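Mapping of the sequence shown onto numbering that gives the first Met the number 0: position 204 corresponds to residue 203, and the numbering continues sequentially without gaps. In what follows, a structure is listed as structure tokens, so that the remarks can point back to it.
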Amino acid sequence: MTSDFLDSRASIDSAVFGRMPNGEEVYEYRLRNSNNVELAIITYGGAIRSLMVPDREGKLEDVVLGYDDLSGYLSNNPYFGSIIGRYGNRIAKGKFSLDAEEYSLATNNLGNHLHGGEVGFDKVLWRAETFHSKEAVGLKMYHLSPDMEEGYPGNLSVEVIYELTNDNELVIQYHATTDKKTVVNLTNHAYFNLAGHGDILDHQLQINASRYLPVDKTLIPDQIESVDSTPFDFQVMKSVGLSINQENEQLENAGGFDHCWLLNESSEKLKLAATLKESVSGRRIDVFTEEPGIQFYSGNFLDGTITGKDGVIYKRRSGLCLETQHFPDSPNRPDFPSTVLLPGETYSSRTIYAFSTF
């Protein structure tokens, strides 16, 4: 194990977490801020493996789902904490066109393309480099996705920066460049449980969005609709479980919440997207982002077949995801904000998960 101590309270440690089938080493980096909040990231998938944050009494507890060892991530991983790309969320029928040329991608979810395909960014080994400042400790992660990997055009050079600040903020910055016109939509797939155990139905959630994207039975979006008078209205904070079991076609299509909300317009580039609270622990997350949307997924497909950290069986809705992103199927929807990246341009996006107590 190596350690790079920044001062008496903050540090960055690294150790071998496991080996890939070809023998390559996978590393885990543990970032600790001046408040003893600790973030662990592995180089496989760039995944957030654990995140220790305090409750209102100061007790630290892990608030993300994951595995104790590499074998879980290699064999049965529903994207726990992973970097998602090249395209987060779904592309209908795995097809899109650029300049009249059609591209075909893997159809790995209900006949559609999901989260970058069979070998998305969650399944590659990232290079990592640590850094620190007076305010934060951090990890820069790099990956070069070659032209036509998973069917996407262009050699895509990707940098994802994780930063843990002394204000207990997890800052994620995404950057990418290409040598050929392509599409990009990067996000992180952390599953949060602010109680550290149990299900997330009593978590309180507010989403700053008056509109959302209904989906068909294969979870491809239809037309934009208002959240008013629907279970999807989180404009005022309410418990996740309050309406999740209502008779509603959209809830039935997704088995709960697994939809994209269109964030309200803001004069700020970095806008408050959502707030999540858990009353027993007193933990709170405020999610800020430069993205136009947020996918709220209520862990509907966790079914008790996964044994996670410390031998815990992850049952249905053991965790929830708040994935900041552009809208699903944007390459086929000219009415949605564009996800096209051109040579000479830089894809850039920032999201902050700010932790506090109440």
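Note that CB positions come from ideal geometry on N, CA and C, so glycine has one too. All values reported here derive from a predicted model rather than from experimental measurement.
Residue i, DSSP secondary structure in three states
i: A353; result: strand
i: D12; result: strand
i: S156; result: strand
i: D198; result: coil
i: L104; result: coil
i: S347; result: strand
i: N167; result: coil
i: S337; result: coil
i: S144; result: strand
i: A39; result: strand
i: E56; result: coil
i: Y26; result: strand
i: G318; result: coil
i: A135; result: strand
i: Y173; result: strand
i: N21; result: coil
i: E149; result: helix
i: N192; result: coil
i: E162; result: strand
i: N263; result: coil
i: S33; result: coil
i: L69; result: helix
i: S49; result: strand
i: L185; result: coil
i: L64; result: coil
Straight-line gap, residue i to residue j (C-alpha atoms, nearest Å)
i: N91; j: Y173; result: Checking the displayed sequence, the identity of residue 91 turns out to be Ala instead of Asn. A91 and Y173: Cα-Cα distance of roughly 24 angstroms.
i: G57; j: N192; result: 17 angstroms
i: R29; j: D68; result: 15 angstroms
i: H258; j: G87; result: 13 angstroms
i: F120; j: N187; result: 10 angstroms
i: V286; j: L269; result: 10 angstroms
i: S74; j: W260; result: 31 angstroms
i: V183; j: A105; result: 16 angstroms
i: I305; j: A99; result: 43 angstroms
i: W125; j: D227; result: 42 angstroms
i: E168; j: Y352; result: 6 angstroms
i: L50; j: E60; result: 8 angstroms
i: D146; j: D166; result: 39 angstroms
i: P220; j: S329; result: 10 angstroms
i: G17; j: K276; result: 34 angstroms
i: I171; j: G292; result: 16 angstroms
i: P20; j: Q205; result: 42 angstroms
i: K216; j: N111; result: 11 angstroms
i: E101; j: E158; result: 27 angstroms
i: H142; j: E264; result: 32 angstroms
i: L241; j: V136; result: 38 angstroms
i: V236; j: F357; result: Reading off the sequence, residue 236 comes out as Met, not Val. Answer to the nearest angstrom: the Cα atoms are 14 angstroms apart.
i: F4; j: S33; result: Legend: pLDDT at F4 = 45, less than 50; position of this residue unreliable, value from coordinates given subsequently. Approximately 11 angstroms between the Cα atoms of the pair.
i: L38; j: T350; result: 16 angstroms
i: S156; j: E117; result: 19 angstroms
i: I82; j: Q245; result: 32 angstroms
i: D334; j: E148; result: 27 angstroms
i: L250; j: M140; result: 36 angstroms
i: T288; j: V123; result: 25 angstroms
i: G195; j: L97; result: 44 angstroms
Beta-carbon proximity check, residue i vs residue j, cutoff 8 angstroms
i: R89; j: P327; result: yes
i: L200; j: I243; result: yes
i: I40; j: L138; result: yes
i: V214; j: A253; result: yes
i: G84; j: L185; result: yes
i: F256; j: S297; result: yes
i: Q234; j: S209; result: yes
i: P230; j: N207; result: no
i: L321; j: F300; result: no
i: S10; j: R31; result: yes
i: V25; j: A189; result: no
i: E290; j: T323; result: yes
i: R282; j: T274; result: no
i: R80; j: G65; result: For the sequence presented, residue 80 should be read as Gly rather than Arg. In contact: G80 and G65 (Cβ atoms closer than 8 angstroms).
i: Y43; j: Y72; result: yes
i: L109; j: L262; result: no
i: R48; j: E23; result: no
i: S278; j: Q203; result: yes
Notebook entry, point to check: For the 8 angstroms Cβ check, are there 3 or more pairs between the region 303 to 314 and the region 120 to 136?
Noted result: Flag = no, the region 303 to 314 and the region 120 to 136 do not touch.
Item checked: beta strand (DSSP E) runs contained entirely in the region 270 to 314, provided each spans 3 or more residues -> For the region 270 to 314, whole beta strand (DSSP E) runs of length 3 or above, ordered along the chain, are 270 to 277, 282 to 288, 292 to 296.
Next item on the list: Jot down the residue ranges of each uninterrupted beta strand (DSSP E) in the region 207 to 245, minimum 3 residues, whole runs only, in chain order.
Entry: For the region 207 to 245, the full-length beta strand (DSSP E) segments reaching 3 residues or more read 210 to 212 along the chain.
Next item on the list: Could you name each continuous beta strand (DSSP E) segment of 3 residues or more that falls completely within the region 84 to 133, going from the start of the chain to the end?
Entry: If only complete runs of 3 or more residues are kept, the region 84 to 133 shows the beta strand (DSSP E) at 94 to 97, 100 to 103, 126 to 131, in order along the chain.
Check: Are three or more beta carbon pairs between the region 46 to 55 and the region 138 to 152 nearer than 8 angstroms?
Finding: Three or more Cβ pairs closer than 8 angstroms define a contact, and the region 46 to 55 falls short of that threshold against the region 138 to 152.
Check: Between the region 343 to 353 and the region 165 to 179, are three or more C-beta pairs nearer than 8 angstroms?
Finding: A contact is defined here as three or more CB-CB pairs under 8 angstroms, and the region 343 to 353 meets this definition with respect to the region 165 to 179.
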